[in-house]
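Residue numbers (the working numbering), protein chains in the order written: chain A, -9 to 234; chain B, 39 to 373.
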Amino acid sequence: MSASEVVLSAVGLAKRYGRRDVVSDVSFALHRGEVFGFLGPNGAGKTTTIRMLVGLVKPSRGHVVIDGHDVGKDFEAAMRRVGCIVETPDLYKFLTGRENLEHFARMIGEGASSRIEELARLVHMDERLDGLVRTYSLGMRQRVGIAQALLSDPAVLILDEPTNGLDPAGIREMRELVRRLAGEKGLAVFISSHLLSEVEKMVDRIAIVHRGRTLAAGTLLEVTDNGAKSLEDLFLEMTRGETV
Amino acid sequence: MRVMMGLVENECLKILKRKRFRIILIVLAALLCLVVFAQNRQIQNQRKDHPERDWRAQVEKRAGDLERQMNQRRGVPQQWKRWMQYESARLRYHLSRNLDPNVLTGPMFTRAFAGVGSVLLIPLLIAVFGADLVSSEFAEGTITLLLTRPVARWKVLASKVAAMILFTTLTLVAAFFLAWGISGFAFGWAGWGAPILTGFRLGGASLTAGLDLSGVRSVPLWLDTFAAWGLAWFSALAVGSVTLLLSVVFRSAAAAMGTMMATLVGGTILSRVASDWDGAKWFFVTNLPLPDFYAGLPTPFEGMTLMFSTLVLGAWAFAALVAAFLLFTRRDVTA
């Protein structure tokens, strides 16, 4: 297993709703053990892209391969290798955190339920796991959501705007958790965001997406000409100063 | 297979934890108490009014009243006439066999409730938990998690169908035991072996032909009840399947439930008022009272039989499930 092994590749993804191209050409690859930032202004097609990555939306063109399995053709095998939080960490509010994890473990089978304790400790939720999700703060839901995403022991973790709505302590905790998962467990972590300053501290490589296309992709240094420009300047330049 | 069992367990857990099912049981129990109380009062009043009369005289009078109304009054809807004709003939037949048609025991009440309940009450209760099954996953946002786990979409929906069947069955079983248990306090729990005359049928299309008695036979009450509740269960499954389709179509449980309730109430009204337009016999709601059709009560439209209604309901259930699967497995899940 080399460090540059590709665990997720999106090739020429496009999605058309009626006569509108929400995503017209998005391609990128994720490698084992890296944190990948997927940046773009609101409405750039980030969420639609993520929904295509995990099979919620069927691409009009292009395909997604996760750890060797095509999402469109071999859905179950591909989903076994990925965990995700799309938009908000929505869990069953009328169940406890533990019941939620058990619920999703049953969908995975293969001893996923035996990992619940370990994952709860990992996200520092082991003490509150038996409370109803209804009583959790957003940060706690986010953490249980990540524990859920890790139940199937995936190769890829997909997080959509993971720091949205978190307080500064929560943001720092999230950052540390993401770095740890990539560093210690060798996960590829995909993070979408429009908050540049947050992403800069977390990611190894980035892709900038605008109007449904990937405009630039590479390491932070590559994209910013060895740091000649700030990521913010570059981002605003590329997205022509549209509000983010 | 292990995973499939787990999925069904998940769906059952969610139905139970949402507490809707408990509300259904409470509503059922409360309504049954009310009905039993009202019926008990009625019987006691009748006894008070005519303490001396024997049952034969009462039944004779009732049959006579019905026949007079039927023949005298003009402008009586066709359907009422058919019912009056049926009822008077049924009473006369009981008289000729020297059996009291009005004796009410807990088991008799339970048998009758299968027919009454399967028209509106049980379908409404099933709509209450069935409307939730898929739409709530969309409304609460959990659909994104549910459909990004390593389980194909058709399996997810299949587990929901299984849960629907399970809880529909449970609703019927609960309704049966609640009906028997509660009515037993007023009318006694015993009497399952009583002979029941069943198989009355209106003779042909003409009103004057009277009742076709060739199919009338005596069966023990428990057997008659078993058949009636089995048919009620079949109706309920058809309602559950249509509800499930609505739950897939709508993203809000309220919209699914509202549509289902409007359909049920609308269909019931339809079968009461529009007996001339027999196209309504193809609508699933008009076919729901299978236990009544089995008992030989007149059907709301010409050309309906127990077999016809069973097949129509089966076709609706099948079509609804196919549509639900096609929609659920192909639909893009957007915000």
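Here a beta-carbon is modelled for each residue, glycine too, at the ideal position from N, C-alpha and C.
Query	Result
Where the segment 93 to 115 of chain A meets chain B: residues whose CB sits under 7 Å from a CB there	His93, Phe94, Arg96, Met97, Ile98, Gly99
Anticipated Cβ contact below 8 Å, Arg88 of chain A with Ser142 of chain A, distance rounded	Not a contact, Cβ separation roughly 17 Å.
8 Å Cβ cut-off: residues of chain A touching Asp370 of chain B	Arg41, Leu46, Val47, Lys48
Rounded separation between Ala213 of chain B and Gly179 of chain B - CA only	33 Å
Beta-carbon spacing of Ala169 of chain B, Ala291 of chain B below 8 Å	yes
Pick from B:Val323, B:Leu284, B:Arg310, B:Leu283 that is closest to Leu302 of chain B, judged by C-alpha positions	B:Val323
Span separating the alpha-carbon of Ala19 of chain A from that of Met42 of chain A	14 Å
8 Å contact criterion, which Pro145 of chain B and Trp230 of chain B should meet: CB distance rounded	5 Å
Contact set between the segment 39 to 71 of chain B and chain A, restricted to residues whose Cβ is under 9 Å from the partner	Arg40, Val41, Met43, Gly44, Leu45, Glu47, Asn48, Leu51, Lys52, Lys55, Arg56, Lys57
Cross-strand partners of Ala197 of chain A (DSSP beta bridge)	A:Phe28, A:Ala207
Val179 of chain A and Leu149 of chain A closer than 8 Å at C-beta	yes
Contact residues within the segment 80 to 92 of chain A, judged by C-beta distance below 8 Å to chain B	Asp80, Leu81, Tyr82, Lys83, Phe84, Leu85, Glu89
7 Å Cβ shell around Ser347 of chain B - same chain, five flanking residues per side excluded	Asn325, Leu328, Phe331
7 Å CB neighbourhood of Leu133 of chain B in its chain, flanking five on each side removed	Arg94, Val97, Glu98
Cβ of Ala190 of chain B within 8 Å of any chain A Cβ	yes
Closer than 8 Å to chain A by CB, Gly179 of chain B	yes
7 Å Cβ cut-off: residues of chain B touching Gln132 of chain A	Here the premise fails: no neighbours, minimum Cβ distance about 13 Å.
Proximity to Val13 of chain A [Cα-Cα], best of A:Thr229, A:His200, A:Glu227, A:His59	A:His200
Option nearest Asp15 of chain A by Cα separation, candidates A:His21, A:Val54, A:Arg22	A:Val54
Cβ contact check for the segment 32 to 41 of chain A and the segment 122 to 137 of chain A: 3 or more pairs under 8 Å	no
Residue-level contact to chain A via CB, Arg289 of chain B, 8 Å cutoff	no
Proximal residues to Phe363 of chain B (C-beta, below 7 Å), its chain only, five neighbours per side dropped	Trp192, Leu195
Burial state of Gln123 of chain B, where buried means 16 or more other Cβ atoms lie within 10 Å	buried
Whole-Å CB distance - Val61 of chain A paired with His21 of chain A, under 8 Å assumed	Their Cβ separation, rounded to whole angstroms, is 18 Å, which puts Val61 of chain A and His21 of chain A out of contact at 8 Å.
Bridge partner(s) assigned by DSSP for Leu122 of chain A	A:Thr86
Backbone CA spacing between Ile53 of chain B and Lys83 of chain A [nearest angstrom]	13 Å
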